[in-house]
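Before any comments, here is the structure.
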Amino acid sequence: MTIPPRFLDELRSRITLSDVIRKHVRLTRAGREFKGCCPFHNEKTPSFYVNDDKQFFHCFGCGAHGSVIDFMMRHDNLSFPEAIEALAATAGMQVPKSNPEDIEKAKKEKSLYSLMDDAAKWMEGQLRQPANKVPYNYVRERGVSDEVMGGFRIGYAPADMQAIRKHLASLGYTDSQMIEAGVLKTSEKSKEPYAFFRERVMFPVPDRRGRIVAFGGRVLPDHLRAPDRGDFKPPKYINSSDTPLFHKGKMLYGEPHARMAAGEGQPVLVVEGYLDVIGCVKAGFRGAVAPLGTALTEDQILVLWKMIPAVSKVPVLCFDGDNAGRRAASRACERILPLLKADHSAKIAFLPEGEDPDSLIKAKGAPAFQAVLDGAFHLVDFLWLDHTDGRSFDTPEERAGLSKTLEELSGRIADRAVQHYYREAFREKIKKAFAPAVQPQQVRQPWAPKQSYNGGGKFGKNAPPMPVSPLKRPDFGGNALFSVALLACVINNPGIYHDIEEDFGHLQFSENRLDRLRQAVLSSLDRDPALDAEGLKTHLIGRGFEEELGRILADSLYTHASFSRPSGDTVAVLEGWRKAWKTLQGQIGQADMDRAIQAMKDDPSEENESRLNALREMRRISEG
Numbered sequence: 001m002t003i004p005p006r007f008l009d010e011l012r013s014r015i016t017l018s019d020v021i022r023k024h025v026r027l028t029r030a031g032r033e034f035k036g037c038c039p040f041h042n043e044k045t046p047s048f049y050v051n052d053d054k055q056f057f058h059c060f061g062c063g064a065h066g067s068v069i070d071f072m073m074r075h076d077n078l079s080f081p082e083a084i085e086a087l088a089a090t091a092g093m094q095v096p097k098s099n100p101e102d103i104e105k106a107k108k109e110k111s112l113y114s115l116m117d118d119a120a121k122w123m124e125g126q127l128r129q130p131a132n133k134v135p136y137n138y139v140r141e142r143g144v145s146d147e148v149m150g151g152f153r154i155g156y157a158p159a160d161m162q163a164i165r166k167h168l169a170s171l172g173y174t175d176s177q178m179i180e181a182g183v184l185k186t187s188e189k190s191k192e193p194y195a196f197f198r199e200r201v202m203f204p205v206p207d208r209r210g211r212i213v214a215f216g217g218r219v220l221p222d223h224l225r226a227p228d229r230g231d232f233k234p235p236k237y238i239n240s241s242d243t244p245l246f247h248k249g250k251m252l253y254g255e256p257h258a259r260m261a262a263g264e265g266q267p268v269l270v271v272e273g274y275l276d277v278i279g280c281v282k283a284g285f286r287g288a289v290a291p292l293g294t295a296l297t298e299d300q301i302l303v304l305w306k307m308i309p310a311v312s313k314v315p316v317l318c319f320d321g322d323n324a325g326r327r328a329a330s331r332a333c334e335r336i337l338p339l340l341k342a343d344h345s346a347k348i349a350f351l352p353e354g355e356d357p358d359s360l361i362k363a364k365g366a367p368a369f370q371a372v373l374d375g376a377f378h379l380v381d382f383l384w385l386d387h388t389d390g391r392s393f394d395t396p397e398e399r400a401g402l403s404k405t406l407e408e409l410s411g412r413i414a415d416r417a418v419q420h421y422y423r424e425a426f427r428e429k430i431k432k433a434f435a436p437a438v439q440p441q442q443v444r445q446p447w448a449p450k451q452s453y454n455g456g457g458k459f460g461k462n463a464p465p466m467p468v469s470p471l472k473r474p475d476f477g478g479n480a481l482f483s484v485a486l487l488a489c490v491i492n493n494p495g496i497y498h499d500i501e502e503d504f505g506h507l508q509f510s511e512n513r514l515d516r517l518r519q520a521v522l523s524s525l526d527r528d529p530a531l532d533a534e535g536l537k538t539h540l541i542g543r544g545f546e547e548e549l550g551r552i553l554a555d556s557l558y559t560h561a562s563f564s565r566p567s568g569d570t571v572a573v574l575e576g577w578r579k580a581w582k583t584l585q586g587q588i589g590q591a592d593m594d595r596a597i598q599a600m601k602d603d604p605s606e607e608n609e610s611r612l613n614a615l616r617e618m619r620r621i622s623e624g
């Protein structure tokens, strides 16, 4: 696309740079210039300057610099022709076309854009007709106000198969145009065009510039519509097919507002459906988008990264907290892996089981959804968890199989540098997971049942982190109080974690939920070492451990283990933790010895005698 220089000069003369930028940045006068916080990097002190006389912007913090066209390209992630088109529309100018084919194509597209906009207006009006109170009330009952309806242009397609055809024809559009835009379909039997969307709440789909290019339609619940005929049951959602304006696998619902939110530093989130996006935006999560009736595609992943102007491009992908959600997350990771490159990744978040973003926000408010986002897994951590949770790795063969699988996953990454670091990360996780416990007093009993990774919980409700301790520990019996006190101490005083990290990793619980709570503490503090006690507790509650925290962070525990209370004296807390740990190890060692002696009495076999002698030798060495 060749743009004549004279046209560009005229365009710049009609556009005031500060007027364009102030739509995205709060500007204040600074002499002959304007200043504000840069939209291209996070800063608190303004270093971004706009000069209308010289027609350029410049950031003294990150070096961003350019004209109004450069700003539109960078901020809205537009190509050069797209930026020109957007600015020309603002200035009321028509971009010149370079050849007859381009002119004809542009004319055709302009007509289709106009048709889609008129169709959306008509559907908006239909939702507010007295005859359509049922769908209107349904939308309101879903928590969508009139203002939000207007902002998202929500409408209704009535049951009449010819109503929209007649309306658009009255505006001068032809059947062929309506069919090409996807508003009408042609009957295979009668060859007569009919409305594709009928008896559905309608969600217009805008492109990145806000132009309506498609629709999604949700059927009304069974009790709000006429009975189905025969065995036919309409699908809950239907979406426009691909058209000259719309390519389903390359677009995301909610792109325009999400791009603006990303430009302001908000996270970009991927949720499942239209109402999830609307619920998120209402609650302040304006970076929410959704695929259009399909699983996330490679093209959509690239779109997500382009939406984020920050250097680190890490959208959060949200999934249901059940097995289906886990499988969907696995498939998404398979698509993302080959595309990974420096500073381009994703996080995986799981909702509480039975909840979607819209229902969770309605039931528990925005903080509950924020906790889900805060607990999102980095891609490498989710992949590790996905291939280890609920599985046994007791034998060398099982461990070798895991190692091979993770090597193959790393090999799918095209970027050599990222591939290298994924291999390193997986090898470190394997090393840490299968490292022997630093407990010389304990020997695995030959008659002990097969032991395995702690797992099997539902994603989202409990959202288990990657397993850190290699094997589920045996029951400690009377030693549980010490173990719980050590865990409570770290939750109340996370500042000591880096000093006792290795020992904490070997802390043992016979109760499944407490061991998973310990794992969640490990992963949270490994991911964010600066977390304070309140921040850590928020993370843990977001992962479903509110009940366990209520049980262990109690005065009844502090009475017997005062060192586990919240305290500002880190030295004293650390000393108390280490004393309790040493006492616990001694008690465990004695319990092992007692069991071995009893086993020898019950069955004086060579195997039991060897085990008893080994324990005695370990005690002798440990006691010096």
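Numbering-wise (my numbering), the sequence shown opens with residue 1 and increments by one.
Yeah, the Cβ is synthetic: ideal placement off N, Cα and C, and Gly gets one too.
Open item on the list: Below 8 Å, how does it come out for the stretch 242-258 and the stretch 183-191: are there three or more Cβ pairs, yes or no?
Closed with: no
- [ ] Below 6 Å CB to CB, which residues in the same chain sit around GLY182 once its five sequence neighbours on both sides are set aside?
- [x] SER240, SER241 and THR243
- [ ] Out of VAL148, SER111 and ALA157, point me to the one whose CA is closest to GLN129's CA.
- [x] ALA157
TODO: Please say whether ALA485 and SER564 have beta carbons closer to each other than 8 Å?
DONE: yes
- [ ] Could you give the DSSP three-state label for GLU660: helix, strand or coil?
- [x] As displayed, the chain neither begins before 1 nor continues past 624, which places residue 660 out of reach and without an answer.
TODO: Let me know the alpha helix (DSSP H) ranges lying completely inside the stretch 273-342, each 4 residues or longer, listed in chain order.
DONE: Runs of the alpha helix (DSSP H) lying entirely within the stretch 273-342, each at least 4 residues long, are 274-282, 298-307 and 323-336 in chain order.
Open item on the list: If you follow the beta strand (DSSP E) that LYS44 is in, where does it begin and where does it stop?
Closed with: Taken as a continuous stretch (DSSP letters only), LYS44 belongs to no beta strand (DSSP E), as it is neither H nor E.
Task: Cβ shell of GLY550 (< 7 Å), same chain only, five flanking positions each side left out - done: none
Open item on the list: Less than 7 Å between C-beta atoms, sequence neighbours within five positions excluded: which residues of the same chain meet that for LEU507?
Closed with: Within the same chain, LEU507 has close Cβ partners SER483, LEU486, LEU487 and ARG518.
Open item on the list: Which of the three DSSP states is assigned to LYS233 in this structure?
Closed with: coil
- [ ] Classify PRO4 as buried or exposed, calling it buried when 16 or more other Cβ atoms lie within 10 Å of its own Cβ.
- [x] exposed
Task: Own chain, CB closer than 7 Å to VAL148, minus 5 neighbours either side, in chain order - done: ILE278 and LYS282
- [ ] For the stretch 333-415, list the beta strand (DSSP E) runs that are entirely contained and at least 3 residues long, ordered along the chain.
- [x] 347-350
Task: Cβ-Cβ distance between ARG225 and TYR237 below 8 Å - done: no
Open item on the list: Run through the DSSP bridge pairs and tell me what VAL201 is partnered with.
Closed with: TYR156 and ARG218
Open item on the list: GLY375 and ARG543 - do their beta-carbons sit closer together than 8 Å?
Closed with: Yes, the pair counts as a contact, with Cβ atoms nearer than the cut-off.
TODO: Please classify ILE301: is it buried, with 16 or more other beta-carbons within 10 angstroms of its beta-carbon, or exposed?
DONE: buried
Task: Closer than 8 Å to chain D by CB, ALA366 - done: Absence of chain D from the displayed structure is noted, only one protein chain being present.
Task: Rounded straight-line distance, which links the Cα of LEU379 to that of ASP386 - done: 10 Å
- [ ] Ignore the nearest five residues each way along the sequence and tell me which others in GLY495's own chain have a CB closer than 7 Å to its CB.
- [x] THR570
Task: Whole-angstrom distance between ASP117 and ARG527, CA atom to CA atom - done: 46 Å
TODO: List the whole-angstrom C-beta distance separating GLN55 from LEU17, where the pair is believed to meet the contact cut-off of C-beta under 8 Å.
DONE: 6 Å
Open item on the list: Do VAL418 and ASN493 count as a contact pair if the criterion is CB distance below 8 Å?
Closed with: no
TODO: Going by DSSP, name the residue or residues bridged to ALA488.
DONE: Note: ALA488 sits in no beta bridge, so no partner.
- [ ] Quick one: using the 10 Å Cβ neighbour count with 16 as the cut-off for buried, is ASP276 buried or exposed?
- [x] buried
Task: Pick from ASP9, ILE212 and SER67 that is closest to ILE21, judged by C-alpha positions - done: Selection ASP9, ILE212 and SER67 evaluated against ILE21 yields SER67 as nearest (Cα-Cα).
Task: Cutoff 8 Å; reference GLY411; Cβ partners in own chain excluding five residues on either side - done: GLN419
Task: Distance between ASP389 and ALA561 (C-alpha atoms, nearest Å) - done: 33 Å
- [ ] Determine the closest residue to LEU351 out of GLY365, ILE336 and VAL372, with distance taken between C-alpha atoms.
- [x] Out of GLY365, ILE336 and VAL372, VAL372 has the C-alpha closest to the C-alpha of LEU351.
- [ ] Could you tell me which uninterrupted alpha helix (DSSP H) segments, each at least 4 residues in length, are contained entirely in the stretch 117-170, listed from first to last along the chain?
- [x] 133-141, 146-152 and 163-170
Open item on the list: Under 8 Å, with one C-beta from each stretch per pair, do the stretch 303-311 and the stretch 28-42 reach the 3-pair mark?
Closed with: yes
- [ ] Assign ALA580 to buried or exposed, taking buried as 16 or more other Cβ atoms, counted over all protein chains shown, within 10 Å of its Cβ.
- [x] buried
Task: Segment contact flag, the stretch 353-362 with the stretch 316-335, C-beta cutoff 8 Å, min 3 pairs - done: yes
- [ ] Please name the residue, chosen from GLU10, ASN51 and ARG14, that lies closest to LEU27 on a Cα-to-Cα basis.
- [x] ASN51
TODO: Leaving out five residues on either side along the sequence, give the residues of the same chain with a beta carbon under 7 Å from the beta carbon of MET161.
DONE: Residues of the same chain with a CB within less than 7 Å of the CB of MET161, apart from the 5 flanking positions on each side, are TYR194, ALA195 and ARG198 in chain order.
Open item on the list: Please classify ARG208 as buried or exposed, where buried requires at least 16 other C-beta atoms within 10 Å of its C-beta.
Closed with: The residue is buried, with at least 16 neighbouring Cβ atoms inside 10 Å.
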